[in-house]
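First comes the structure, then the notes that go with it.
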Amino acid sequence: MNNAVNENRTNVGETIRRVLGVCNRLVTNLKHWITLCFLLVTTVLGTAQQRTQRVMIGGIQYDSADVLINPTKLETGLTIALEATQKYRLICNQMRDSILRKRPNTLSVLQAADAVGAELIVFCNVGRIANLVRSEVIVLGGDGFIVNVRGVGYGTTSLERDTSGTAIADPAILSSLQRALCVALNDSSLYSRADTVLRVRPTALAAIGGIEFKQPSSDLGTWSLFKEKVPASYDAAQLIVEALRGCDDVTLIDLDTRDSIFAKARLFMIENYNATTAAELNVLSAFEISHLVSGTIERIRGGAICTLSFDEITPQKTLRQIKRAEGVVAVDSKAALKDGVREALQKLFVTINDSVVPSR
Numbered sequence: 000m001n002n003a004v005n006e007n008r009t010n011v012g013e014t015i016r017r018v019l020g021v022c023n024r025l026v027t028n029l030k031h032w033i034t035l036c037f038l039l040v041t042t043v044l045g046t047a048q049q050r051t052q053r054v055m056i057g058g059i060q061y062d063s064a065d066v067l068i069n070p071t072k073l074e075t076g077l078t079i080a081l082e083a084t085q086k087y088r089l090i091c092n093q094m095r096d097s098i099l100r101k102r103p104n105t106l107s108v109l110q111a112a113d114a115v116g117a118e119l120i121v122f123c124n125v126g127r128i129a130n131l132v133r134s135e136v137i138v139l140g141g142d143g144f145i146v147n148v149r150g151v152g153y154g155t156t157s158l159e160r161d162t163s164g165t166a167i168a169d170p171a172i173l174s175s176l177q178r179a180l181c182v183a184l185n186d187s188s189l190y191s192r193a194d195t196v197l198r199v200r201p202t203a204l205a206a207i208g209g210i211e212f213k214q215p216s217s218d219l220g221t222w223s224l225f226k227e228k229v230p231a232s233y234d235a236a237q238l239i240v241e242a243l244r245g246c247d248d249v250t251l252i253d254l255d256t257r258d259s260i261f262a263k264a265r266l267f268m269i270e271n272y273n274a275t276t277a278a279e280l281n282v283l284s285a286f287e288i289s290h291l292v293s294g295t296i297e298r299i300r301g302g303a304i305c306t307l308s309f310d311e312i313t314p315q316k317t318l319r320q321i322k323r324a325e326g327v328v329a330v331d332s333k334a335a336l337k338d339g340v341r342e343a344l345q346k347l348f349v350t351i352n353d354s355v356v357p358s359r
């Protein structure tokens, strides 16, 4: 086992001697020394970058009643998540089991890891509520595997369906595992060298709060948007969800997921046009949601102003504003409302998915 692990480590001495063997006759002046140093650095760094650590799965936990999650999907997700880093390689369960069949049945997880030549052991626990997937990973390493680190990551499913119309959670499983590994390994740039579709980093988990409609002056005519604030607030909230889908820094849960969370806490009939209450903040915080996107549509002379705020939910279950932005709602129409929301979102998050969301 030790030989197998040692073969996986970069032998810097051999690398240097190999370069010296090629270059020793060329080292006759300063220019040649500079060339030699460049070759040494690039060769050693290149070899080090190719080095990978072998990882064994120590255990997987998931809800067996969830038809969208199973061990095969989780092993596949871990395989892609680890190998996309270009630093780690998963020992597949089939290979692990074929090696362990030749060993006594009483091996512990640590002994099994030694037997297959693993340098790290990973445990994962994956769960789902509506369209939100949460992954927690624990990684063991070091001599005797006494060092352990933990990370949690999130991913959201969108509208993917297979040919039978069943929702597909695989992309959310993968992205949540990737983000959990980023947190566990304390490396937010873990996937900076991966293919574009696999470049993710840790995100803040956020929910949609209320979009309030305010008309401070009675001498302003009441817009139909304000009279129809139920569908208007839904449209605004839905637009925010779609616009922030795929955001680099924020994982925003959709309205179905938010309402499913509230339902588990027996909070029903949450209206999108009401400000978020303290009870709602308590529930969101209990489900590890740390941030809130909320706003107001305020009538002014000549139109209305859409103000959106991105806030942190504090330990005291209050809101601490991080940033806010405004957009103009020029006329009394759903299209103008969407334009105002988009403008505020663009200022708030810079990069958004500017897809068109149909009205309810």
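Numbering (numbering that gives the first Met the number 0) for the sequence shown: 0 to 359.
Using N, Cα and C, we set each Cβ at its ideal position, and we do this for glycine too.
Annotation: the continuous alpha helix (DSSP H) that includes Met94 extends over Asn92 to Leu99. Each residue's CA atom was taken as its position, placing Ala231 and Arg244 some 20 Å apart.
Leu106 sits close to Leu99, with the two beta carbons spaced by under 8 Å.
Going by C-alpha positions, Val148 is about 17 Å away from Ala80.
Rounded to whole angstroms, the Cβ separation of Val151 and Arg133 is 7 Å, and the two are in contact under 8 Å. With a 10 Å radius around the Cβ and a threshold of 16 neighbouring Cβ atoms, Glu118 comes out buried. When the Cα atoms are used, Leu197 and Ala83 turn out to be separated by approximately 7 Å. For Val66, the three-state secondary structure derived from DSSP is coil. Take Gly76, set aside five residues on each side of it, and the residues of its chain with a beta-carbon closer than 6 Å to its own are Ile172, Leu173 and Leu176, in chain order. When the beta-carbon positions are compared, Val349 and Gly339 stay at least 8 Å from each other. DSSP, reduced to helix, strand and coil, places Lys228 within a helical segment of the structure shown. Less than 8 Å separates the beta-carbon of Ala203 from that of Ser289.
For Pro70, same chain residues with a beta-carbon under 7 Å away, outside a window of 5 residues either side, are Ile59 in chain order. Taking 8 Å as the upper bound for CB-CB distance, Ile210 and Asn271 are in contact here, some 6 Å apart.
If the five residues before and after Ala324 are omitted, its C-beta is found closer than 7 Å to the C-beta atoms of Leu307, Ala343, Lys346 and Leu347, all from its own chain and listed in chain order.
In the structure shown, the three-state DSSP call for Asn281 is helix.
Shown here, Asp169 sits in a helix according to DSSP, grouped into three states. DSSP, read as helix, strand or coil, puts Lys213 in strand. As a beta-bridge residue in DSSP terms, Arg88 pairs with Arg53.
Scanning its chain for C-beta atoms nearer than 7 Å, with the 5 sequence neighbours on each side dropped, one finds around Ile128 the residues Thr256, Ser259 and Ile260, in chain order. According to the DSSP assignment, Phe309 belongs to the beta strand (DSSP E) that extends over Gly302 to Ile312.
About 6 Å separates the beta carbon of Ala205 from that of Val292, a gap short enough to meet the 8 Å contact definition. Burial state of Met268 is exposed, judged by a 10 Å Cβ sphere holding fewer than 16 other Cβ atoms. Relative to the Cα of Arg53, the nearest Cα in the group Phe286, Asp310, Ser187 and Met94 belongs to Met94.
By alpha-carbon distance to Asp253, the top candidate from Lys322, Asn92, Glu135 and Ser157 is Ser157. Nearest to Phe144 by C-alpha distance, out of Cys246, Gln315 and Val108, is Val108. In this chain, Phe144 is not harboured by any beta strand (DSSP E), its DSSP state being neither H nor E. The Cβ atoms of Leu238 and Lys86 do not sit closer than 8 Å to each other. Counting along the chain, Ile260 sits inside no beta strand (DSSP E); it lies in the alpha helix (DSSP H) bounded by residues Leu254 to Lys263. Non-local C-beta neighbours of Gly208 in its own chain, meaning closer than 7 Å and more than five positions away in sequence, comprise Thr275, Leu291, Val292 and Ser293, ordered along the chain. The beta carbons of Ala277 and Lys316 sit closer together than 8 Å. Annotation for Gly294: no alpha helix (DSSP H) segment contains it, though the beta strand (DSSP E) segment containing it runs His290 to Ile299.
Pro215 is classed as exposed because its beta carbon has fewer than 16 other beta carbons within 10 Å across all chains shown. Residue pairing of Ala274 in beta bridges, as defined by DSSP: absent, with no partner found. If you look at Lys337, you'll find it in the alpha helix (DSSP H) that goes Lys333 to Phe348.
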